[in-house]
Structures are given as C-alpha cells and as structure tokens.
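Contents: one structure, followed by commentary.
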Amino acid sequence: MTSERLSLLSAALLTVFAASSHADQTSPLQGIQDKTPNLIALTGATVYTEPGKKLEKATVLIADGRISAVGTSVKVPAGYQQIDASRYTLYPGFIDPYTQYGIEAAKPAKPGSYRDAPVYKNERKGGNASNDAIHAQQRWVSEFKPDAKAAEALRKLGFTAAQSARFDGIFRGQAFVSSLGEGLPNQLVLKADGPQFMAFSKGTSKQSYPSSLMGSIALIRQTLSDANWYSQAYGKTDVRYFNQPVEFNVALQSLANINQQGAVFETGDDRSLLRAHLLLNEFKLNNAAMVGSGFEYVRLDEIKASGRSLILPLNFPAAPAVEQVADQLDVNLADLRHWERAPANAAALAQAGVPFALTTYKLKDTKDFWPNLRKAVQYGLSADTALAALTTVPARLSGVADKLGKIAPGYQADLVLASGDLFADGEIVATWVRGQQHSIKAITPVDFAGDYQLSVAGKAVKVSLTGPADKLSGSAVLQAGGAEAKSVKLEHIHSQQQLLQFNLNLAELTGDKQIAQFSGQLTDNRLTGKWQLGSNTELVTAQRQTLAESPAKAAASKPDTVMLSKLTFPNRAYGLPALAKQQNVHIKNVTVWTAEKEGILENTDVIVRDGKFDKIGKNLATPRGFDVIDGTGMHLTPGIIDEHSHVAIEAGVNEGTDAVTSEVRIADVINPEDINLYRGLAGGTTTAQLLHGSANPIGGQAQVIQFRWGENAEGLKMKAAPPSIKFALGENVKQSNWGDAFTERYPQTRVGVETAIRDAFVAAKEYKAKLAAYDKLSKRQREQVAPPRIDYRLEALVEILDKQRFIHTHSYVASEILMLIELADEMGFNITTFTHILEGYKTAKEMQAHGASASTFADWWAYKMEVQDAIPTNACLMAEQGVNVSINSDDAGLQRRLNQEAAKSVMYCGMDEHEALKMVTINPAMQLKIDKVTGSVKAGKQADFVLWNTHPLSVYSQAQQTWIEGTKYFDINTDKQLQQQLEAEKTALIQKVLNAGDSAKAGSKDAYKQDEPEWHCEDQGDWWNIGSYIHSHGHKH
Amino acid sequence: MKLSKTCLSLFVALAGSLSSAQMLAHDMVPGKAAEGPLLLTGLTIHTVTDGIKADSDVLIVDGKIAAVGQNLTAPQGATVLALDGKHLYPGLIALANQLGLIEIEAVRSTDDSREVTQTNPDIKAKVGYNADSEVIPTIRSNGFAYSMIYPDGSMLMGQSSLMQLDAWNYQDALVADGTGLHVRWPNASTLGSRWNPKPADEVRKANAEQLAKLQQYFQAAKAYYDAEQAGLNRGVDSRWHEMLAVFNGERPLFVHADDERQIRQAMLLAKEYNLKLTIVGGRDSWRLADELAAAKVAVIYTAPYGLPSRADENYSQAFTVPKTLQDAGVNYALSLDGYWDTRNLVFAAGQAISFGLTPEQALRSVTINAAQIAGVADKIGSIEVGKAASLVVSEGDIFDYLSHKVTHLWIDGREVDLNNRHKQLHNKYKQRIN
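Going line by line, the protein sequences match chains A and B.
Mapping of the first sequence onto the working numbering: position 950 corresponds to residue 962, and the numbering continues sequentially without gaps.
Mapping of the second sequence onto the working numbering: position 433 corresponds to residue 437, and the numbering continues sequentially without gaps.
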C-alpha cells in the first residue's frame, strides 16, 4: 500500500483546485484544464454513517465528490490522499431545509399607516395571479447566486446543503436545494424543483387583500381549488365565462403538481400550525412540512395526530424582564412558562414521535445554533434524534434523501469532522462539501491532553497537558510533594503531528538549576521520549491518563432542567391542569329559570345526566353515583348566549378590503387561548356567535362557539349550529369614518349598499345556474368544456339562497332596515337576525312580517351619527310587536354581564323578568338556530347552565358556576385557587429567571405569543402591517 | 367608556366634519324655582352623612334643605308631597367625564373635548359645555344632578368644571369653576401599543422623554410662580398664570393615570411641589392603596366595569378595586369616563356592592366623596340641613335594575323635567306598534 500523509497545506490546496475541476462541463474552457484528482481517505475515525449507526476506527473514501466506501475494514487504495482522522468523529453533512441562501431577501416593506390609500389591484404581467402575495410560479433556482460568505457561515455550523426560497408572500414559489460549497451554481444545485414555500403572511405585497388571517386562509383555499380546476380546465372553454377559452394563469399552472413537489408552510405558533395543517388537509396536501415555532409542546397530541413533519427553529426566548420589580407588572405567566419550557420543546416532540428537522431560521445570530441545540439535548433530546434532525429528516423533506444525509457509498461526499461529540461539547474542525475540504481548525492526528508520569532526574514528576494540539499548555508537579506540591508551568511547548517538545525548569521543582528539555512521540496513548538534561539524556515512557473534568465546570454547563411551570389547557394563567370532564350531577332546591313556558320554578331539583338535563322537578331522588349540589338560595338559568361577539378571534376581525368577502371564515381563526373566554364564563356566558366585523356589506362567515375553556379551536366550535354569515349596512360599510384615503371603494353611500348586495346575489344566482347546467351535461359533453370553477365567495351566497346559511346583519337606521328586507324579498333570501338594530323600534312591523329577529344593545347610543335615535326601550318595543329579541354585547367586557344588560329592559320599560332573561338565553338560541339543543332548561337539552348567588337580573348577582354540556368550566371557588396557584408559580419562575442571571437574557426577544386586542366590529386595517390599523376604544360599532 | 388618548387621536384624524350634525336644542325647560317651601314626606332617606332614616321627611326652603326628620310640620304656604315608601338620595354626582362636550363621538364637529398642544392649563371645560345636549337629560333621568367635566388631551389638559345638569347655558350650569388641573400622565409601562408594537427598550426611552417633558412644564410653571411671588414676571403667560392656583394649593392636581408606575411618579411630583393630588383612572390603585391613603391622595376610579388590566389578573380585579380602596381608607369616587354612558354609573356603583362595598359606601362614592374631591362637600353630596336641595327619588334601591325607578329629581330645589329624547322617541313609535 502506498499512501501519502497529507500536510494541512496541501489538503487545502487540493480543495481549491478541485472546485474548478468540472467547470467546463457546459461552460467553455478558459485557460488550462484542471484535472486535479479528488481521492481522499479519512482513516481511523468514529463515523456516524447515519443517525444511530456508529462505526469506530472506520475509514471513509471519497472519490470525485462522492463517497465510494465506508467501513471498519476498508483499505485505503493506492493513489488516495490519506487524512488521519483517528481523533475525530465524522457525521454526514447537515442540511438546513428552510433558508434564503443564495437568494436576495425581500426588501422590508415600509411600515404602513391607516392613512395610506388602499390598493385593490395588482400589476398584471405574464399571466400572474390577481394577488401579489401569490407568486407560486417563481422558481427560485433561477435567481440562485452562490454566496461565499453565507455558505461559510453555515458550513461553520456543519451545514453542507440548504433548501432555499425567498421568505415573502403566501405562495412564495418553488424552493431549490444547493450545496454550500464553491463552484458554479450549475454545479451546486442538487434539486431545482423543490417544495412550494408558503405562509399566512402576505409579506411585502402592497395589495390590501388579504388584510386578515382569515383572508389569507380564504385566499389559499381559493388558490388551491383553482389550481386543481386549472389542471383540468386549461385548453377547454369556460362554461361560467361565456364559453371563452380558459385563460392562461402561470401561478395556477405551477401549482398543478404541488403535492408531488411538496410544500413547506411557515407557522407562527401551535395554533397557526394546526390551522395550516387543516387547511392543507382540505386539499389532501399530505406532502407538506410545517416550519414550527417552539410552541409545539403546548398541543403535542394534536400535532402528533396531524402526521406532519416539522422544521424547527431554535430561537429560544430571552427571559421576560424581571430584574426590576416595576417591570414585572408587564410580565405574564404564559411568557415565563414558555421561557422555561422552550428548550425542552424538541425533546417533547421527539418523545411524542413527531419527525422534525432543525433550521437556523429565526436565529438572529446563527452562532447560537449549537449552544441552543446542546441545550435542547440537555433538556432530553437524544443525540441520535438531533443528528437525524440535521441529516436524514431534512434530506427527506428536501427530496434529496438519495444523495444527502448519510455517509454511504454513492452519497455526495458531504461530511462534518468534529473533535469529540458535537452534541455534548465537540467542535467542528472541518467540513467536506462535494468532496471539497473546508477547514475551520487544524486537523491534527493526536491530541496530547492528559496526565503523564514522567520521572526526571530521579524524581517522580506528573506532567499535565491541556488544550488542543496547536494550543497546548501544561504543568508539572512532584509526585512526592503531596497536596502542597508546587506546580511549574511547562515552557516552549511545541507539537507537530505525533511529536511533542517542551521545557521544564527544574529549579522551581527540585532546586536543581537546570532546564530539562523533553522531546518525544505519542503513539497509541503512550508517550515515549527523552529528557535532555544538559549533556545527560534520560529515556522515559508513560501511559496517558485522562484528565479529570473539574466538577465546577461540569456543573456549570448543566442547566436546571427541572420544570417549575405547569402545563395547562390553555397554557396560560387560569388554564386548567387537564381538560374539564363531564359530571352527572343533582342540583337540589334551586330556583330554576327555565326560559320555557314553565317560567320560574322555585325549590326545584335539576338532574344532569351524560351532559343533558335529565329531570327537572321537586324533591327528586339522587341517582346512584351522582354528585349533589345544594342550590338553596341560588338561581339556575340556562347558559347565557351572545348573538354578537368578537372574542377568541385571531389576527383580524374584518377582511375589510373588498366590499364582498363571503369567502372568509371566522371558523378558520378561532383562538381558544383568548382569556376573554374564561372571563365570559365568569359572567355566565356559555355560547357566542363570533361574527366577522362590519367593514363591508357582505362580510365573512360566522362561527358559533361554546366557551369550552381548555379545548382547542375545533373543540370550541358548536357542531349543532348551522352556518351563518355577517352582513353590514350604514356608516361602517360606506367607510364614513375611515379617513380621507377611503373614498374609492364601491359603495360609499346607503344607496350604493343596496346595489352592491343586489349585484352579489345576481352573480350568485347566475353562478348557481351555470353549475346546475354543467351538472346536466352528458359525460361526452363535459369532455368538451372545462368544469366550472368553484368560487368560494359565491358559494356562500348560494348557500344563503338555498337556506343553508343564515344572515345576521349589522344595521342601525330605519331606511337601511327596510331596504334590506325589500331586497331580500325580491332576491329570495331571508334575514335571520338584524344585529345592533338600534332603530328596530321604528321598523318592528316590517321585521316581524319578514320573520326577522333582532339582537340589540341594551342602551348604547350617541357614539356616531347613525345611532342618534337609539333608545333603551328598543328591545321592549320590538318584543311588543312580536319580534324575537335578544341583547348582545359586541364587547368582551359587556359579554360578562349580559344578564344585567337584559335587566335594563325590566327597568326602562317594565319587561317581564322571565321574558328579559329569555333575551340572553332562548331567544338568541333561536336566532342561532340552536334552540333545539340549548338555550333553556328542559329535559333532553344540553345541560348548559349557570348557578347564580341571587336573582340573575339583579346588579348584585354573580355567577358561581358555569356549565356546558354537563361539564363545569367555571367555579368561583376554583377561580380563587387558580389565582393563588398562579401567583406562587409566577414567583417561583421569576426567582428562576433571576437565578439564571445573564444566561436568561440571551435569546430571542420576540418569541412570545401576544394576546389579541379586544376586537370590535369596526376594527379594520391590515393585520400583516399592524401599524396601519384603525381601532376604536370607544363604542363605534 | 371613554376612550384612551390614542383612540381620540384617531378620531381627530379620521372623523370627517359633518356640518348638518349641529344638534338642535331640545324642548325640556329648566325647572323653575319653587314658589314656597316644599315638604317631602314618608321617605326612606339615605342621608349619606347621618345614616338611613326610615319613614322620614325633608323640608326644602329657598332651594336648600331646611329640615330632615320624622313628622316634620309643613310651614305656612308649603307644598306637601307624599312619597310614601320611596327612597330619597342626594342628587348623584358623576366625576371626570365629557358630558356636554361631545354630542356624537364620531362626528368631529360635535366634539369639543380635546384641544391641541400639551400645555393647556388655561383651558376651562365649562365654556364648551352644551347645556342643550340631548345626552344630558338621559343622564338626569337616572338620578344624576351634577357632573364634573374635564378637557381631554395629553400632558397638561386643562381645568375641570362642576356643572349642574338642568340649566339654560354653561354659566347657569356652573357650580364650581377650576375644580382641578387635569394632567394625562405619560406611559410608564414597557409595553408598546398592540397596534404599534415596539421593543421594550425603545418604549422605556420614549417614556423617559415624555416624563422629562412633563417635568419641564412643571419646572417652567414653578419658575413663573416663584417670579410672580417676587414681582419679577415680565407679563402674563396665560398658561403658567393659570397654574399659580395649583402651586399655592387652591387648585388640586388631577392626574389621569392607571399604571402603578405612573401613579408613583405622579405622587413624587405632587410631593416635590407640595400639590394636592387626585388620581383619575386608578386601575392599579389597589396595588398601592395604603400608600395612597397615607399620602391622602384621592382616587376617581373609572374602571368599575373594567376588564382586567393584565392577562394574569383575576376576572374580577377591576370590580374589587373600590372595596380595596375603601378598606385602606382612601378617599375615592366612582366614575365612568365617557359621556352618554354616565347614566350607568349608578349601576356600576351597585355592582361594586356586589364586589364588597356596603350600600352606604357605594352611595358615598357617587355623592359625598365625589363632592369632597370636587371641593364642594360643604354644599352638596348629602342630605343635611343647609345643603343644596338636590335630591332624587327612586321607587326602590337606586343601585339595582330591579328597583331603580327615578320619579323625581330636584336641583337646588327646582324640579327637573325627567323627560328625554329616548322617552320622546319611545312614545312616538309606540304608536306604530301592533
């Protein structure tokens, strides 16, 4: 065998030449051909060929950029340049699946202002999409320019390949995978057509639509549907559009194969992740990974059930500022908890079996990558899973698992060489990318660190060496000297490969005025050499003993991984330790407000079985095993129902851009962590219709929820509630109070509102007719034409016409109320509920004739022109006319005392007390068409009820317990315990932060969830550009 | 529910002018002075300062309370009004709102609540008071006789005025002028606005700058005061001139502040200049109630219906603040800092009973305590001989929806018309029902 040991210098030179060795493949040769060989043998190394597979003393052969062999018995062939890697560990090169490497990042948009003029249309070119947040057609590989500096920074972390696209927009375009080596882009591209990158944020798009999260979701839904349609429709004629040929659309064209190409969806937190998962599931997009957030541990079960692979950033949050007592006023328990638990997120996912890759994304300084990853390991992530997250998993997610991610024959020669265990305290010394070496530190065949018994001049001396070979330091002590023995520093330490030299001044050690000079060689852990003592030479040899790690250092590097924080549902103050459970219960001797014809029943018993009211009567026997509540002195009412609420809505209550946005769905943006749900329960509220705002004549689809505190978004939705939708009339929709920039959108007047709604229904009817006509075509005829394009905006209106979706319309003045009734009668749809309806008392007759119900404020008025005629006896007058009336809140604060709001009709106009209570129970239940299920105390109905300490309409009443479907979600006594516990927990966590000192300050400053604003009807603007929001703290509803 | 300063700035920017919105005067005539003595009999009298007197009478002479007791004898020529079983309270007092200054919040031309510049100590709320506001009669109807209105803004906002609610014009309505100098304290939390999020360090810096600015204003005003004492001023600076009364202790300082840190800063400033301090807002006042009591700082608490200020606070935190202030011995009044919803203040006081106050304590918070804070406790706020005959009759407990029914209201012995726009519209459209 003839092999040649390479010097470091020559190894480095080789890489330089190798870089250009194939430059002439498709590029004309300039100068002299480069035929430098790329044949390397790395010998004696510890090799992780893939996660969980470790070889000791193995050899890896590289031939022309690929691995040709790996194993413990691989011989180094002749002609190979051998590198002694016996002191090192080799890992497959790492892959970062979520980067913008080699792509120019989008220029950050100038912060917007609510004064900016809206932008309704984008520039049309090249068959692009009609929305600027969609650039699905962008193949980012065509923009790829290798970036030496960025590549080097990533290589220093061990990354040898990256998947990249620009992080901008909703459909961001197709990513590509490239090597992080040197060379032409043509050589470096590993996969040109990678997954489509996606996100909810519209990024730098100036277009107003979508201005909300629900708008983004609707846009994604429409686009994915259109893409499916387009792949069947292009080349045919469009039955919906005058039988014209289906127009070209490059964005839709490029999404035709999205499930084959895959997608990577960036999410902001656990809620956002589950939302993205459900959305992609609607289109069976299984081949999509999610960029995570660090919050996955909060909803681990659901995330595991999603079956999605994740790409995890490691931007652990900096601790909340608690150093100054005054600052602690601004610190939330939820943030303190997340600070403590974020480093354990990866371990939790691993334990749950959720596959994930890691990314440098979101790290402000990529130098934090390894410290953070090691922290995750200290918090329980296994090194094997961590390695998989850097190699095989991202290789799979990037579609390059056949060539990257393992050290195996045929795989690209992408390697990481490290001294020691990278996942503990090892250091990266060099990487190979496509067989090219990139050195970070010197590769030395030996490391001299250790203790050696080297007697000199007849004295037993222990020599200790520390540090890497090129930065050795050392000392010597007399072995006979005991604990007091003086330590003498070694001088002139020099090593070259296995050879070692140093000087020792004996004067300070033995009193001999002599310098002893050592020279020797370390082989197989034995140092053999000689002391030169003047003219004398002493031969010595010693076995290396490993230095004991100082206990202090070992302790310092271990963080305190014992968790002080609770993990609750939801994971914030007042969250529950476990999901609330249904109880069978017997409430004895209580005053029951039935909201049924039975009225108010005193000294009555109520039995709740399996979530339903089972029996209501006097002196009932307690069934075996039932819990008993003594209701003496208390009042039991149905749970309060709010027809008009905006709590628990995330990232925008209005898609207030286009005049018609019936495609957006509140159901898509339920926020189960909103504390206002809990606060509502404390006011006896169990059920609410979450409505879109009032920024446009036809707003978004509503969602009825029950306040099942602790459940996820899906768990809050009330399945029994039929679909509904928000319409709006008057000042808000004609943009009266939006500022001077908002004077263009049709309609700007009440007369225009009528035509806008009319035209939308004309379109819906025609749409429905075209779909029906297509359905009647024979199979053969269908082959001639394109299938009709599904239009979600019109679908919702067709559902209204089909009496499958019910209208709740924001309305104030008499003229607009009459107008909408007239229009509804003409177009063949019904108004289920006029909401707000402050002039309903003027039009009660017409409302009654139409069959519309009314949901009004108890006493609001004077906050804008159109409420100048509002009166607090509105509810009474409408009720007198026979209109079904409810009282709503439209406000998180008011939602907590709807019983008091109902009482105002007793006070202002003498309404019967039981009738008044019905205005916040059975009446709104009828308006939401859930009255068969809830809204009254009746055997067989869902047991949604409140126990009050006194008369429920009294200002002195307080909810004591609030139950939904036989499950207790609020108890005034438990509440006090929760508060005490959370204060103790908070104190402990603040102490932990203080004890952690400076290390607590390191990390990301924007990695916490922010609570939603208290939404109101008219809050509108651009959620993705938060500075451009018009928000009222007053009552401009 | 008025509206923090940020939102007001939005209104200023957004509300278009609407010239047709000029409100017409309503047709309710202010009550006439009584021709002779008036004896009210058979009432449960909530005197505020002398307990509750069952089955008692009140004698009104020349607009003042002349006697309170059982079986009073009607003087010659007196009118006797039997109100058997009803409840008599002092006319309620609403503090710190914008009644009469705003007619329609969204219509700029009807809003005189907020002037520009940060140095307006010379602004007097009374001159913007529209005695013919349609809103005022709806407030009276629920038992309110007085309102202390203040000019909104930022930093030095201006002087509040105490108005009685049944008048021909603002001069007629004025009970006490310059009841306090109102200051909106700069932000002291590290959180930026949810609508304009900024890193904590930037917010801290901006806070410090704003606070320094406010302190400079006080330094300038104090320099003027000192020079004035020495006769060295070169002329009248109308801004600082109006602060002379603040430095000589005649005019209290009303600082609008909710956050504990703001309140502490305000207390430091008041101590430095030896000013009489009242906190308006006071969401966090419960956190330092003992200190407020010790420093004799009063609180006009404006969040009796409030949501918790912070995510970790209890759902009922804002409801229980009155009880905490009461227990600590703080002088406090309740307020709803708005205009049209001032009529609900009486029920907010009722809810405070549910969260710990006694009914007597709750009544004080909208009568005598408020009168003390407005500096007129010698004239109004209780049913005592010699005080103004501003009285309200309710069929039952005035604080509860189930028994609140205001049948009579007198201000200075003049009977007030309890009609209002809402009742008029009700009666009109009642004709159309069925």
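We put the beta carbon where it would ideally sit given N, CA and C, even for glycine.
How would you list, in chain order, the residues of chain B whose beta-carbon sits under 7 Å from the beta-carbon of residue i?
i, result
"residue 873 of chain A", "344"
"residue 1025 of chain A", "198"
Helix, strand or coil, according to DSSP, for residue i in the structure here?
i, result
"residue 333 of chain A", "coil"
"residue 49 of chain B", "strand"
"residue 205 of chain B", "helix"
"residue 859 of chain A", "helix"
"residue 629 of chain A", "strand"
"residue 43 of chain A", "coil"
"residue 127 of chain B", "coil"
"residue 449 of chain A", "strand"
"residue 955 of chain A", "coil"
"residue 1028 of chain A", "coil"
"residue 692 of chain A", "helix"
Can you list the residues of chain B that residue i reaches, using a CB-CB cut of under 8 Å?
i, result
"residue 966 of chain A", "404, 405 and 406"
Round the Cβ separation of residue i and residue j to the nearest angstrom and send it over; I've been treating them as touching at under 8 Å.
i, j, result
"residue 323 of chain B", "residue 354 of chain B", "Not quite, the Cβ-Cβ distance comes to about 11 Å (not below 8 Å), so this is no contact."
"residue 845 of chain A", "residue 866 of chain A", "7 Å"
"residue 67 of chain B", "residue 37 of chain B", "7 Å"
"residue 914 of chain A", "residue 928 of chain A", "5 Å"
"residue 187 of chain A", "residue 215 of chain A", "With 8 Å as the limit, residue 187 of chain A and residue 215 of chain A do not qualify as a contact, their Cβ atoms being about 15 Å apart."
"residue 47 of chain B", "residue 33 of chain B", "About 26 Å; that fails the 8 Å criterion."
"residue 940 of chain A", "residue 681 of chain A", "Contact doesn't hold; Cβ gap of about 19 Å is too wide."
Beta-carbon of residue i versus every beta-carbon of chain A: anything under 8 Å?
i, result
"residue 153 of chain B", "no"
"residue 26 of chain B", "Note that residue 26 of chain B has pLDDT 39, beneath the 50 cutoff, so the model's placement of it is unreliable and no number is given."
"residue 351 of chain B", "yes"
"residue 139 of chain B", "yes"
"residue 315 of chain B", "yes"
"residue 120 of chain B", "no"
"residue 410 of chain B", "no"
Beta-carbon of residue i versus every beta-carbon of chain B: anything under 8 Å?
i, result
"residue 781 of chain A", "no"
"residue 916 of chain A", "yes"
"residue 646 of chain A", "no"
"residue 506 of chain A", "no"
"residue 584 of chain A", "yes"
Which residues in chain A sit within 8 Å of residue i, going by Cβ to Cβ distance?
i, result
"residue 430 of chain B", "853, 883, 885, 889 and 921"
"residue 436 of chain B", "854, 856 and 857"
"residue 354 of chain B", "967 and 968"
Which bits of chain A does residue i rub up against, with CB to CB less than 7 Å?
i, result
"residue 203 of chain B", "1017"
"residue 335 of chain B", "Those do not exist, as residue 335 of chain B stays about 24 Å from chain A at its closest Cβ, beyond 7 Å."
Three or more beta-carbon pairs under 8 Å between the segment 256-268 of chain B and the segment 190-209 of chain B, yes or no?
Counting Cβ pairs under 8 Å, three or more are found: they touch.
Should the segment 984-998 of chain A be regarded as contacting the segment 708-719 of chain A, the criterion being three or more beta carbon pairs within less than 8 Å?
no
Check whether the segment 759-777 of chain A touches the segment 829-840 of chain A, counting contact only when three or more Cβ pairs, one atom from each stretch, lie closer than 8 Å.
yes
Quick check: the segment 162-169 of chain A against the segment 366-384 of chain A, are there 3 or more CB pairs under 8 Å?
With a cut-off of 8 Å, the segment 366-384 of chain A and the segment 162-169 of chain A count as touching, because enough Cβ pairs lie within range.
For the pair the segment 871-890 of chain A and the segment 96-113 of chain B, tell me if three or more CB-CB distances fall below 8 Å.
yes
If contact is defined by three or more beta carbon pairs under 8 Å, each pair taking one atom from either stretch, is the segment 185-202 of chain A in contact with the segment 124-136 of chain A?
no
Across the segment 76-86 of chain A and the segment 135-145 of chain A, are there enough close Cβ pairs to call them in contact, namely three or more that are closer than 8 Å?
no
contact_flag[the segment 240-258 of chain B, the segment 288-298 of chain B] where n(CB pairs < 8 Å) is 3 or more:
no
Given 8 Å as the limit, is there contact between the segment 441-451 of chain A and the segment 461-470 of chain A, that is, 3 or more CB pairs closer than that?
no
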